[in-house]
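Enquirer: Residue numbers (our numbering): 664 to 884.
Quick reminder that beta carbons are idealized off the backbone N, C-alpha and C, glycines included.
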Ligand SMILES: N[C@@H](CCC(=O)N[C@@H](CS)C(=O)NCC(=O)O)C(=O)O
């Protein structure tokens, strides 16, 4: 191989994931951190917290929506949101184990993941209601609208649970959503959804990446 061929071979090396912008408390960031561990990329990608409320945090340049997680490649390219990042890492790592290829399986797994993400989204909006509004602005109508999504989502997903012994984007998303509900407690889910409690226990026992990505202040249950 002459020098020119070598150079063009080097130039063709695709950019690698380098930095994840996310706190260790974000449920969506946790999805990606779990995927990194599972795909063997945990030591390769640095995690740097972001302050989503800060106007000066570079997060807003990396993702104009100001949301985390946001993955940066060594080319400077930014990738978001959590689903797109996981899809990218799954393919980039060559493992292809978190999102099925078959059209029907893929749609089923991604729909389940979207339902779980929607539960986390609604729970997050309930938390933000308290964070962004003064107490006198508190809206019970808004809270109950979001609570309805969480409760309907939990009911639906408990009737069509993913296999707790299969780690894919659906089980990762559900585990991270439930972990967030445990922390922020926007609804009392454990007494009302015992099947989900059992599911999370079985998933955590089968997939060590769940415990490995707990918040630093959280004891394993
Ligand atoms: N659909 C997004 C949701 C990300 C998201 O809502 N992240 C929260 C933190 S957990 C955030 O950045 N919130 C700041 C904001 O909405 O301004 C994903 O899957 O990554």
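(1) Is any heavy atom in ligand 1 found nearer than 8 Å to the beta carbon of residue 801?
(2) Suppose contacts are defined by Cβ-Cβ distances below 9 Å. Is residue 819 in contact with residue 838 by that definition?
(3) Assuming residue 790 and residue 749 form a contact by the criterion Cβ under 8 Å, report the distance between their Cβ atoms to the nearest whole angstrom.
(4) Please report the Cβ distance between residue 813 and residue 849, rounded to the nearest whole angstrom; I am assuming they are in contact, meaning their Cβ atoms lie under 8 Å.
(5) Let me check one thing: in DSSP terms, what residues is residue 698 bridge-paired to?
(6) Grab me the residues of residue 858's own chain with a C-beta within less than 8 Å of its C-beta, minus the 5 sequence neighbours each way, in chain order.
(7) Which of the three DSSP states, helix, strand or coil, is assigned to residue 681?
(8) Assess, as a yes-or-no matter, whether the segment 827 to 842 is touched by the segment 763 to 782 under the definition of 3 or more beta carbon pairs within less than 8 Å.
(9) I need the straight-line Cα distance from residue 723 to residue 689, nearest angstrom please.
(10) Quick one: grab the DSSP three-state call for residue 803.
(11) Run through DSSP, which three-state label would residue 918 get?
Expert: Looking at the coordinates:
(1) No, the beta carbon of residue 801 sits no closer than 8 Å to any heavy atom of ligand 1.
(2) Not closer than 9 Å, so no.
(3) Going by Cβ atoms, the distance from residue 790 to residue 749 rounds to 23 Å, so no, they are not a contact pair.
(4) Yes, residue 813 and residue 849 are in contact; Cβ-Cβ is about 6 Å, under 8 Å.
(5) Looking at the DSSP output, residue 698 shares a beta bridge with no other residue.
(6) Excluding residues within five positions, the ones whose Cβ falls inside 8 Å are 821, 824.
(7) For residue 681, the secondary structure class from DSSP, reduced to helix, strand or coil, is strand.
(8) Yes: at least three Cβ pairs fall under 8 Å.
(9) Roughly 17 Å separates the two Cα atoms.
(10) Helix at residue 803.
(11) As shown, the chain starts at 664 and ends at 884. That puts residue 918 outside it, with no answer to give.
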